[in-house]
Amino acid sequence: MEQILQVFFNVAILERTWPFLLRGVEMTVALSLVIVPVGVASGLAIAMLYHLHLKWLNRVLIAYVDFFRAFPPLVLLLFIYGGLPFLGLDLPLFGTVALAFLLNTSSYYGEIFRAGLESVPAVQAEAARSTGLSRGQTMLWVILPQATRNVLPDLVSNTLEVIKLTTLASVVGFTELLNNARNAQALTYNATPIVAAALIYLVLLWPLVRLVSRLEHKSIAVR
Amino acid sequence: MELSRLVFSFFNAEVASRYWLDIVHGMWVTTYLGIAVIAAGLAAGLALAMLRSFHFRPASFLIVVFADAFRALPPLVVIIVLFFAFPYVGLAMSAFTATWLALSMVLAAFAEEIFWAGILSVPKGQTEASRSTGMSRLQTLAFVIIPQAVRLTIPPLTNRMIAITKGTALGSVVAVHEIIYHASSGASEAGNPTPLTLGALAYLVLFLPVVLFSRWIETRFAWKR
Amino acid sequence: MLKGIDLAVTQGELVFIIGPSGSGKSTLLRCCNRLEAPTRGSVIVDGTDLTRPEVDLNRVRQKIGMVFQSFNLYPHLNALGNVTLALRKVVGKGRDEAEALGIQALTRVGLAEKAKAYPNELSGGQQQRVAIARALALEPRILLFDEPTSALDPELVGSVLKVMRELRESGMTMVVVSHEMEFARAAADRVVFMDGGVILESGVPEKIFSRPEHARVGEFVARITSHH
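Protein chains in written order, with my numbering: chain A, 17 to 239; chain B, 391 to 615; chain C, 856 to 1083.
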């Protein structure tokens, strides 16, 4: 027991490494704040393009989505990180990481919004148009709100996944939480930093998990 | 950026010939690890959901805590903790075991929630009818509830299984010799990204069929509902 | 819910329970096989007190058959599968023996030829008859019916009532919660009127329907028969 406290919950080491971990949290949040909105927006764009029902376009879109859903995000990250320099492109680390993650999450959000748009009965658009609303207004005020409401559990669940995805950036040295925790562990020969990081993730993400559960149960009850 | 430069960098036949065998070995490890994770994760998830249906408060509480914790924790963090932290208290395990255990627990957490939702969706009347013919709680679960619950669980379950098997790539971080590990080290060694291209292709070969299959499954079961 | 019930049913009797919704009739019926448990008092079936903790509920339930308003057939099994599941898993019969007994039960309700059909291929009346066969297959001492025809289209009600009449004639003990007054008049030995969790009145059908002691009973009967 004594040993466990010493190795996993060492207060002295925690004090020393805490600023380091905190900076990691900042970077995790920063990365998430970029990827989630842009991912949602591009996913929405993909879904709306799909909704135009242009056969050739849809084939391209489905290929894009399936391709990036089949690709493990870590592989995509390493591929872009290792390969981009050979294309003559020199992106800052943040940019490389963001690009890789965006390609991945836009396809997931795209699928979710696509299912959402399809879940709204076509008669809704007919009804709206017949009261004089334009196509854009119909989409914005009638279709999208319903579509979003129908897939809200999946949207929140995927956002949770995206935040968890940020840990992969540690593999290419991006200074988010896991990366800093591992470095701290290596420097102090003590496991407390990574245990602390795990607990921080739990505290930050557990509320989201509860939210997803609640949303899912509500949508089951409605059925 | 001329085409020849592109090909030389990413599709270099000479470099490929040196590393393709490693990639194939990696494919074997990825597949093996993936199947092991799916088997353990699904079995544990189903067992936990069935246990939860007996409504024994202490057990249900622990199950919910487990499911919440392992759905909140990033899988890579779990792998790191198992592989790097546990040895400090004498519980050392191989990189493969750490990866398998971490991913299985995460899958079990998600699977439990999915199975539980399925069990809840079966109308109460089914349990009543079955119990009133004298079937025990376990028999009712096994022969009446679970067969019906499974149908609802197929789409979310296939999605989650795909996500988790892609997580096998995370094993490379602790040096499990799966695909991206070989691809990454090969690319570093050769100073050429072609091994990465091979690795990417290997993943596509393994996972594209699975994704297409799951798309087909989703449409099939969506219609049945 | 139930505020003090004292009811005794003798073998071979068909007892009909009527009353407004919320009167506790379903609750009373479900107490008879412990789907609901009374907070005080005892439920004795064929000499066994169901409220005692040491009783083997699963074994006792084999002797009590229940038919539900919403049929509750297992959608993933065909008719024969529905009827034989408990025979195989609870009584422990082998597959062939169970299927033979199952076909017998299905024949009794007139649906032997639908043995391989799935519930979603059957009409409501047929589904309910399969549900009756499922209960019969275990050779129960008593059958409980919880509004067996309330969820059926009018044309299909007759087929179910016919089966219930035949069961009555074969001497089965039955307790039926239902609104089918004609059936009660023709086949019930005793009619019990419940309201607000208690039994207001109980007696032979002629008395309850034509000359009840309580005004409430008369009002209720008049209202129900005018709907049919």
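Ideal Cβ positions, reconstructed from N, Cα and C, are used throughout, including at glycine.
(Q) My assumption, with CB atoms under 8 Å, is that A/Val172 sits in contact with A/Val228. Please give the rounded CB distance. (A) A/Val172 to A/Val228, Cβ: 5 Å. Contact.
Q. Do B/Pro583 and B/Ala577 have their C-beta atoms within less than 8 Å of each other?
A. Cβ distance < 8 Å, so B/Pro583 and B/Ala577 count as in contact.
Q. Cβ of C/Met929 less than 8 Å from any chain B Cβ?
A. For the sequence presented, residue 929 of chain C should be read as Tyr rather than Met. For C/Tyr929, the closest Cβ of chain B is nearer than 8 Å.
Q | Residues that DSSP places opposite C/Glu1056 in a beta bridge | A | BP columns for C/Glu1056 point to C/Phe1048.
Q: Give me the Cα-Cα distance between B/Pro545 and B/Val468, rounded to the nearest whole angstrom.
A: Straight-line Cα distance between these residues: approximately 26 Å.
Q | Cβ-Cβ distance between C/Val1031 and C/Leu869 below 8 Å | A | It is a contact, given that the beta carbons lie within the stated cut-off.
**Q.** Residue span of the alpha helix (DSSP H) that contains A/Gly204, given as start and end
**A.** Before going further, note that residue 204 of chain A is Thr rather than Gly in the sequence given. Counting along the chain, the alpha helix (DSSP H) containing A/Thr204 begins and ends at Leu193 to Thr204.
Q) Between C/Ala970 and B/Ser604, what straight-line distance do the alpha-carbon atoms span, to the nearest angstrom? A) Answer to the nearest angstrom: the Cα atoms are 34 Å apart.
Q) Quick one, which residues of the region 926-952 of chain C are near chain B if we go by CB-CB under 7 Å, in chain order? A) Across the region 926-952 of chain C, CB contacts with chain B closer than 7 Å involve Asn927, Tyr929, Pro930, His931, Leu940, Ala941, Lys944 and Val945, in sequence order along the chain.
Q) Nearest to B/Arg442 by alpha carbon, out of B/Ser450, B/Leu436 and B/Ser399? A) Looking from the CA of B/Arg442, the closest CA among B/Ser450, B/Leu436 and B/Ser399 belongs to B/Ser450.
Q.
Does C/Pro982 pass the burial test, meaning 16 or more other C-beta atoms within 10 Å, or should it be called exposed?
A. In the sequence under discussion, the amino acid at residue 982 of chain C is Gln, which differs from the Pro named in the question. Buried: at least 16 other Cβ atoms inside 10 Å.
Q: Taking the CB atoms as reference points, tell me whether A/Ser122 and A/Gly189 lie closer together than 8 Å.
A: No; because the gap between Cβ atoms is not below 8 Å, this pair is not in contact.
**Q.** A/Val158 versus B/Ile607: straight-line alpha-carbon distance, rounded
**A.** Going by the C-alpha atoms only, they are around 31 Å apart.
Q: Consult DSSP for C/Val1032 and reduce its assignment to one of helix, strand or coil.
A: The answer is strand: DSSP assigns C/Val1032 an E or B state.
(Q) 8 Å is my cut-off, CB to CB: does B/Lys514 come that close to chain A? (A) For B/Lys514, the answer is no, since every Cβ of chain A falls outside 8 Å of its Cβ.
**Q.** Rounded separation between A/Leu73 and A/Arg130 - CA only
**A.** So the alpha carbons of these two residues sit roughly 14 Å apart.
Q: Report the neighbours of B/Ser526 on chain C: residues whose CB is nearer than 7 Å to its CB, in chain order.
A: Residues of chain C with a Cβ closer than 7 Å to the Cβ of B/Ser526 are, in chain order, Asn913.
(Q) Residues in the same chain with beta-carbon distance under 7 Å from A/Ala144, minus the five sequence neighbours each way, listed in chain order, please. (A) Cβ neighbours of A/Ala144 within its own chain (closer than 7 Å, five residues either side excluded): Thr154 and Val158.
Q. Which class does C/Met921 belong to by DSSP, given the choice of helix, strand or coil?
A. Taken through DSSP and simplified to helix, strand or coil, C/Met921 comes out as strand.
Q.
Quick test of your reading: C/Met1029 and C/Ser878, contact by CB under 8 Å. State the CB separation rounded to the nearest angstrom.
A. Rounded, the Cβ-Cβ distance is 20 Å, inconsistent with contact.
(Q) Does any residue of chain A have a CB that is nearer than 8 Å to the CB of B/Pro464? (A) B/Pro464 belongs to the set of residues whose beta carbon lies under 8 Å from a beta carbon in chain A.
**Q.** Residues from the region 194-221 of chain A in contact with chain B, defined by Cβ distance under 7 Å
**A.** Within the region 194-221 of chain A, the residues whose Cβ lies closer than 7 Å to some Cβ of chain B are Leu194, Arg198, Gln201, Ala207, Ile210, Val211, Ala213, Ala214, Tyr217, Leu218 and Leu221, listed in chain order.
Q) Mind checking whether C/Gly920 and C/Leu993 have CB atoms under 8 Å apart? A) Result yes, Cβ atoms of C/Gly920 and C/Leu993 sit closer than 8 Å.
(Q) Tell me which residues share the same chain as C/Phe871 and place their Cβ nearer than 6 Å to its Cβ, disregarding the 5 neighbours each side in the sequence. (A) Contacts found: Val1031, Ala1039, Ala1043 and Val1046.
(Q) Counting only beta-carbon separations shorter than 8 Å, does C/Met856 have a partner in chain B? (A) For C/Met856, no CB of chain B lies under 8 Å from its own CB, so it is not counted at the interface with that chain.
(Q) Give me the subset of the region 427-459 of chain B whose CB atoms are less than 9 Å from a CB atom of chain C, sorted by chain position. (A) For the region 427-459 of chain B, there are no residues whose beta carbon sits under 9 Å from a beta carbon of chain C.
Q: List the residues of chain B whose Cβ lies closer than 9 Å to the Cβ of C/Arg916, in chain order.
A: Chain-ordered, the chain B residues with CB closer than 9 Å to the CB of C/Arg916 read Arg521, Ser522, Thr523, Gly524 and Met525.
Q. Are the C-beta of B/Phe474 and some C-beta of chain C separated by less than 8 Å?
A. Chain C places no beta carbon closer than 8 Å to that of B/Phe474, leaving this residue out of the contacts.
(Q) In whole angstroms, give me the CA-to-CA distance for C/Leu862 and B/Ile554. (A) Distance from the CA atom of C/Leu862 to the CA atom of B/Ile554, rounded to whole angstroms, is 59 Å.
Q: Note down, in chain order, every chain B residue with its Cβ under 7 Å from the Cβ of A/Arg85.
A: Residues of chain B passing the Cβ test: Val601.
Q: Using the Cα positions of C/Val915 and B/Ser511, report the straight-line distance between them to the nearest angstrom.
A: Between the alpha carbons of C/Val915 and B/Ser511 lies a distance of about 29 Å.
Q) What did DSSP end up calling C/Ile997 once you bin it into helix, strand or coil? A) C/Ile997 falls in the strand class under three-state DSSP.
Q) C/Ser1033 and C/Gly980: beta carbons closer than 8 Å? A) In terms of Cβ geometry, C/Ser1033 and C/Gly980 do not form a close pair [threshold 8 Å].
**Q.** Classification of B/Arg615 by the beta-carbon crowding that lies within 10 angstroms, buried from 16 upward
**A.** Confidence in B/Arg615 is poor, its pLDDT being 35 and thus under 50, which makes the residue's placement too unreliable to answer from.
(Q) Using C-beta distances below 7 Å, list every residue in its chain close to A/Ile51, excluding the 5 sequence neighbours before and after it, in chain order. (A) Cβ neighbours of A/Ile51 beyond the five flanking positions: Ala114, Phe117, Leu118, Thr121 and Val178.
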